[in-house]
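**Q** Going by the UniProt record's numbering, the sequence shown opens with residue 1, and the numbers climb by one from there. All C-beta atoms, glycine included, are put in the ideal place defined by N, C-alpha and C.
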Amino acid sequence: MKTPAADALCPCGGGPFGECCGPLLEGTARAWTAEALMRSRYTAFALGDTDHLWRTWHPSTRPAKVMPSGNQWLGLRIVDVVDGNPGDPTGIVEFEATFRESNWRTRLQHERSLFEFRANRWMYVSAEGS
Ligand SMILES: [Zn+2]
Numbered sequence: 001m002k003t004p005a006a007d008a009l010c011p012c013g014g015g016p017f018g019e020c021c022g023p024l025l026e027g028t029a030r031a032w033t034a035e036a037l038m039r040s041r042y043t044a045f046a047l048g049d050t051d052h053l054w055r056t057w058h059p060s061t062r063p064a065k066v067m068p069s070g071n072q073w074l075g076l077r078i079v080d081v082v083d084g085n086p087g088d089p090t091g092i093v094e095f096e097a098t099f100r101e102s103n104w105r106t107r108l109q110h111e112r113s114l115f116e117f118r119a120n121r122w123m124y125v126s127a128e129g130s
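#1: Around the Cβ of W122, are there at least 16 other Cβ atoms within 10 angstroms (buried) or fewer (exposed)?
#2: Using the Cβ count rule (16 or more neighbours within 10 Å means buried), how would you classify L24?
#3: Could you round the C-beta distance between residue 136 and L47 to whole angstroms and report it? I think they count as a contact, below 8 Å.
#4: Considering E107, what are the terminal residues of the beta strand (DSSP E) in which it resides?
#5: Please classify E128: is it buried, with 16 or more other beta-carbons within 10 angstroms of its beta-carbon, or exposed?
#6: I'd like the list of long-range same chain contacts for S40, defined as Cβ closer than 8 Å, with 5 residues on each side in sequence excluded.
#7: Measuring alpha carbon to alpha carbon, tell me which residue in V66, L9, R77 and G27 is nearest V93.
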């Protein structure tokens, strides 16, 4: 896995990698909101960090093994956030992610993801999307 420099823009666009998703992927910091966890999962997809994806996936829905997407992830836009703050049991994050497939077609993934605060951390549960 190729990790960006700490002062490079985070793949999720939220700030310098070392102050944004970097510490979450390294496991030295925890996501305190559903949006922060969602951003870190996008970044994990972009970097191919399948361990982080597996760790942050709810045990009731996660696959036995997370496979790399094979896509080139180009950008993330948060569309809507419902709850998902410290103290909330659940949160919903709606986002649009742009990616390029291996055939170079650019596509948009639009999704509303459900997160649950469980065992003192946010976890991805499921998604509805198009
Ligand atoms: Zn980030």
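**A** Inspection of the coordinates gives the following:
#1: Residue numbering aside, residue 122 sits at position 122 when the sequence shown is read from its first letter. With 16 or more other Cβ atoms within 10 Å, it is buried.
#2: The residue labelled residue 24 in the question sits at position 24 within the sequence shown. Flag for L24 reads buried.
#3: Outside the shown range of the chain, which is 1 to 130, sits residue 136, and nothing can be said about it.
#4: As a first step, residue 107 must be located in the sequence shown, where it is residue number 107. Checking the displayed sequence, the identity of residue 107 turns out to be Arg instead of Glu. T106 to R118 is the span of the beta strand (DSSP E), which, as asked, contains R107.
#5: Here residue 128 is taken as the residue at index 128 of the sequence shown, counted from 1. So E128 counts as exposed.
#6: Here residue 40 is taken as the residue at index 40 of the sequence shown, counted from 1. If we look at S40 and ignore the five residues flanking it on each side, its Cβ neighbours are C12, C21, L24, L25, A31, H52 and T56.
#7: Position 93 of the sequence shown, counting from 1, holds the residue named residue 93. Cα-wise, what sits closest to V93 is R77.
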